[in-house]
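Read through the structure below, which is laid out as structure tokens, and then see the notes.
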Amino acid sequence: MGYGAAIAYGAATIVNAIATGKGAAFGLDLKTEARVELTNEAGIIRGKIIPNTGESTRLIREAVKIVLDYFGVSKKFGAKVETISNIPIAKGLKSSSVAANAIILATIASLGKKLSDKVILDLGVEAAFKAKTTVTGAFDDACASYFGGIVITDNIKRKIIKKEKFSERYKVL
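If you read the sequence shown in numbering that gives the first Met the number 0, its first letter stands for residue 0, the second for the next number, and so on.
And the structure:
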């Protein structure tokens, strides 16, 4: 069976997208690692969050399922998934968007496949909607996690309006 691992980095909001559908965020040097091992138990996805926070593993299941569905192999494979993170949950550091990115990337890697950045981000946003961890789709947060730097996005159209590197002279405490 296939195995994949991936790391995605944290992010924080500059402009919340709830009011206008347009948001801005920046990447942070906090991270989540996802490890995905495919199994022959079709449709069964087991998730484990380390450290154990008591949080639901629904996002894990939805993210893996959406990738398996995308490649048409959800009736062939299941998965065992672990996420390991130093990002505090529910503290505004985009832990759900980061986890979705890492899980999507690790699942793609476990299948030995590659996808475009846009498709990867869209799959993560869809997984977040299905897991009910987002109101806006958090496309801005997903992009800041994925690309780093500063991003301004149209979350409704899922388009990047502007993307810039963060100056090395700035530090977040």
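Don't be surprised by glycine CBs; every beta carbon is placed ideally from N, CA and C.
These figures come from a predicted structure and were not determined experimentally.
- With 16 or more other CB atoms across the displayed protein chains lying within 10 angstroms of its CB, Thr-133 is buried.
- For Ala-16, the number of other beta carbons within 10 angstroms of its own is at least 16, and it is reported as buried.
- With respect to Ile-49, Glu-81 sits close: the two C-beta atoms are nearer than 8 Å.
- Taking a C-beta distance under 8 Å as the contact criterion, Leu-67 and Ser-95 do not qualify as a contact pair.
- Beta-carbon to beta-carbon, Ala-41 and Phe-76 are separated by about 6 Å, close enough to satisfy the 8 Å threshold.
- The closest CA to that of Glu-36, considering only Leu-104, Ile-151 and Val-118, is found on Leu-104.
- Selection Gly-9, Ala-5, Gly-46 and Ala-4 evaluated against Ala-143 yields Gly-9 as nearest (Cα-Cα).
- For Thr-82, the enclosing beta strand (DSSP E) begins and ends at 77-84.
- Arg-34: member of the beta strand (DSSP E) spanning 21-38, first to last residue.
- Look at Thr-132 here: in three-state DSSP terms it is coil, with no helix or strand label.
- In terms of Cβ geometry, Gly-22 and Thr-106 do not form a close pair [threshold 8 Å].
- Each residue's CA atom was taken as its position, placing Ala-89 and Ser-115 some 29 Å apart.
- Within the DSSP secondary-structure output, Thr-152 pairs in a beta bridge with Gly-22 and Ile-159.
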